[in-house]
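A.B. asks: Got a structure for you, questions after.
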DNA sequence: ATGTCC
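Residue numbers (our numbering): 1 to 403.
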């Protein structure tokens, strides 16, 4: 058995795959609060990248029956990773990778480019965006009939855009020197608006009893209520938007590479496309339950997933082992060991340059919060979840575009 | 994380 059990008072058990990695006390406290909710199904599962999060603990799997907690998914609905393997190898890449990074930065609107055209929205979306939006539109119309204020969001102009923070696009090499494209993003402005709205609705609906909850982020909708049904519909749509957002970006990154690299190549456009911030109905222990994964990835037996390391460290393509005790899940990354503010205080631009020596990426003061030392040791994290996933490919980054 | 406001 490679998990430890944290037993909360009057709560369900918390099974933690954290062998050899630290678990902060404030994260343990947050997990124990969640485990007290009466509708938690069987137990909670905790991944080795666990840390304190806003709304719920990052790296946790929260199975519920009869209720749903919108703040557990949070506002970055459908956030996740996509990876595609190309027929290129390292020797097909130019000696200087700056032009590749620059081509990607031009092809995909993103948040942090100095002097960038806007705050990461399209000024003129192309035909791929139109086609992808057409698939999302019927679902969006059904939602905005009930929640018309969501029409005011940047839904269409954000489709195929990266965002900010730790959202990124990378080129990586695997153990055979094959070139992979990896990207990390979510449902952008519209998913954020949906998340925030339903978090507020849940708190308003429960205002008579909210003081009885361990904290107000545990406000929930009960199955059968109108808001429960509306949230399940809206969060599912935002997750679909996030998945398609990543697909549009992948198409445009491939097109950008084809402009810079003269050798013809193919890419498996949907190799892996996985959420790590989401909720969906699943069957576990013979029962239909809602599974909320906050900073956790589905790892059903044989299912492929993506576990990125920090910039300059390794990333992994993994295959699920279908560990039912973990509700068939694995970690979503290395996990932070310090906040963005702490990282900016502790490290310098020189530290950042040294830590990302082998990666073509920005190395200025504005990206120090993503320095590898702000994250846990990815090898320790992988070891702690050895009975959840097996490693299929080990990738190292050579180009990174930060959002 | 995002959008908006300070």
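Even glycine gets a Cβ: it sits at the ideal position worked out from N, Cα and C.
Skipping 5 residues on each side, what residues in its chain have a beta carbon closer than 7 angstroms to that of residue 11?
C.D. replies: Position 11 of the first chain, counting from 1, holds the residue named residue 11. Within the same chain, residue 11 has close Cβ partners 32, 35 and 36.
A.B. asks: Can you list, in chain order, the residues of its chain whose CB lies under 7 angstroms from that of residue 116, leaving out five sequence neighbours each side?
C.D. replies: For this step, residue 116 is matched to residue 116 along the first chain. Note that residue 116 scores 49 on pLDDT, short of 50, meaning its location in the model is unreliable and no value can be drawn from it.
A.B. asks: Measure the C-alpha to C-alpha separation of residue 395 and residue 271 and round it to an integer number of angstroms.
C.D. replies: As a first step, residue 395 must be located in the first chain, where it is residue number 395. As a first step, residue 271 must be located in the first chain, where it is residue number 271. About 15 angstroms.
A.B. asks: Quick check: the Cα distance between residue 29 and residue 341, rounded to an integer number of angstroms?
C.D. replies: Within the first chain, the letter at position 29 stands for residue 29. Within the first chain, the letter at position 341 stands for residue 341. For residue 29 and residue 341, the distance between alpha carbons rounds to 22 angstroms.
A.B. asks: Comparing alpha-carbon positions, which option in 197, 55 and 18 lies nearest residue 149?
C.D. replies: Counting from one through the first chain, the residue named residue 149 turns up at place 149. Nearest of 197, 55 and 18 to residue 149, Cα basis: 197.
A.B. asks: Following the continuous beta strand (DSSP E) through residue 156, name the residue where it begins and the one where it ends.
C.D. replies: Position 156 of the first chain holds residue 156. Note, residue 156: premise wrong, no beta strand (DSSP E); not H, not E.
A.B. asks: Specify the secondary structure class of residue 249 as computed by DSSP and reduced to three states.
C.D. replies: The residue given as residue 249 occupies position 249 in the first chain. Looking at residue 249 - three-state DSSP - the assignment turns out to be helix.
A.B. asks: By the DSSP assignment, the beta strand (DSSP E) with residue 63 in it spans what residues?
C.D. replies: In the first chain, residue 63 corresponds to position 63, counting from 1. Note, residue 63: beta strand (DSSP E), 58-64.
A.B. asks: In the DSSP assignment, find the unbroken alpha helix (DSSP H) run with residue 10 in it and report its ends.
C.D. replies: Counted from its first residue, the first chain places residue 10 at position 10. Looking at the DSSP string, residue 10 is not in any alpha helix (DSSP H), and its letter there is neither H nor E.
A.B. asks: Between the alpha carbons of residue 86 and residue 7, how many angstroms are there, rounded?
C.D. replies: Taking the first chain and counting its residues from 1, the one referred to as residue 86 is at position 86. Taking the first chain and counting its residues from 1, the one referred to as residue 7 is at position 7. Cα-Cα distance, rounded: 46 angstroms.
A.B. asks: Tell me whether residue 241 sits in a helix, a strand or coil according to DSSP, three-state version.
C.D. replies: The sequence position of residue 241 within the first chain is 241, counting from 1. Here residue 241 sits in helix by DSSP.
A.B. asks: Beta-carbon separation of residue 312 and residue 359 under 8 angstroms?
C.D. replies: Numbered from 1 along the first chain, position 312 holds the residue referred to as residue 312. Numbered from 1 along the first chain, position 359 holds the residue referred to as residue 359. Yes, they are a contact pair.
A.B. asks: Helix, strand or coil: how does DSSP classify residue 106 here?
C.D. replies: Sequence index remark: in the first chain, residue 106 carries index 106 (1-based). Here residue 106 sits in helix by DSSP.
A.B. asks: Here's the rule I'm using: 16 or more other beta-carbon atoms within 10 Å means buried, otherwise exposed. How should residue 229 be labelled?
C.D. replies: Taking the first residue of the first chain as position 1, residue 229 is located at position 229. Residue 229 comes out exposed.
A.B. asks: Please say whether residue 367 and residue 171 have beta carbons closer to each other than 8 angstroms?
C.D. replies: In the first chain, residue 171 corresponds to position 171, counting from 1. In the first chain, residue 367 corresponds to position 367, counting from 1. Taking 8 angstroms as the Cβ cut-off, residue 171 and residue 367 do not qualify as a contacting pair.
A.B. asks: Please list the terminal residues of the continuous alpha helix (DSSP H) segment that includes residue 206.
C.D. replies: As a working mapping, residue 206 is identified with position 206 in the first chain. Residue 206 -> no alpha helix (DSSP H), and no H or E assigned at all.
A.B. asks: Counting beta carbon pairs with one atom in the stretch 230-250 and one in the stretch 135-148, are three or more of them shorter than 8 angstroms?
C.D. replies: Output reads yes: the stretch 230-250 touches the stretch 135-148.
A.B. asks: What do you reckon, is the C-beta of residue 258 under 7 angstroms from a heavy atom of the ligand SAM?
C.D. replies: Absence of the ligand SAM is noted for the structure shown, with no ligands found whatsoever.
A.B. asks: Once DSSP output is grouped into helix, strand and coil, what is the label at residue 116?
C.D. replies: Reading the first chain from its first residue, position 116 is the one you call residue 116. At residue 116 the pLDDT is 49, less than 50, meaning the model places this residue with poor confidence; the figure from the coordinates comes in the next sentence. Residue 116: coil per DSSP, three-state reduction.
A.B. asks: Please report the straight-line C-alpha distance between residue 402 and residue 120, rounded to a whole angstrom.
C.D. replies: Walking along the first chain from the start, residue 402 turns up at place 402. Walking along the first chain from the start, residue 120 turns up at place 120. When rounded, the distance between both Cα atoms is 12 angstroms.
A.B. asks: Three-state secondary structure (DSSP) at residue 298?
C.D. replies: Taking the first residue of the first chain as 1, we reach residue 298 at position 298. Reduced to three states, the DSSP call for residue 298 is strand.
A.B. asks: Tell me whether the beta-carbon of residue 223 lies closer than 8 angstroms to the beta-carbon of residue 72.
C.D. replies: Here residue 223 is taken as the residue at index 223 of the first chain, counted from 1. Here residue 72 is taken as the residue at index 72 of the first chain, counted from 1. Not a contact, by the Cβ cut-off of 8 angstroms.
A.B. asks: Where does residue 15 sit, in a helix, a strand or coil, going by DSSP?
C.D. replies: Walking along the first chain from the start, residue 15 turns up at place 15. Three-state DSSP puts residue 15 in a strand.
A.B. asks: Three-state secondary structure (DSSP) at residue 318?
C.D. replies: By 1-based counting over the first chain, the position of residue 318 is 318. DSSP places residue 318 in strand when its eight states are reduced to three.
A.B. asks: What does a CB cutoff of less than 7 angstroms around residue 265 pick up in its chain, not counting 5 residues either side in sequence?
C.D. replies: Here residue 265 corresponds to residue number 265 of the first chain, with the count starting at 1. So the qualifying residues of the chain are 86, 87 and 88.
A.B. asks: Look at the alpha carbon of residue 64 and the alpha carbon of residue 326, and state the distance between them as a whole number of angstroms.
C.D. replies: One-based indexing of the first chain puts residue 64 at position 64. One-based indexing of the first chain puts residue 326 at position 326. Those two C-alpha atoms are separated by around 14 angstroms.
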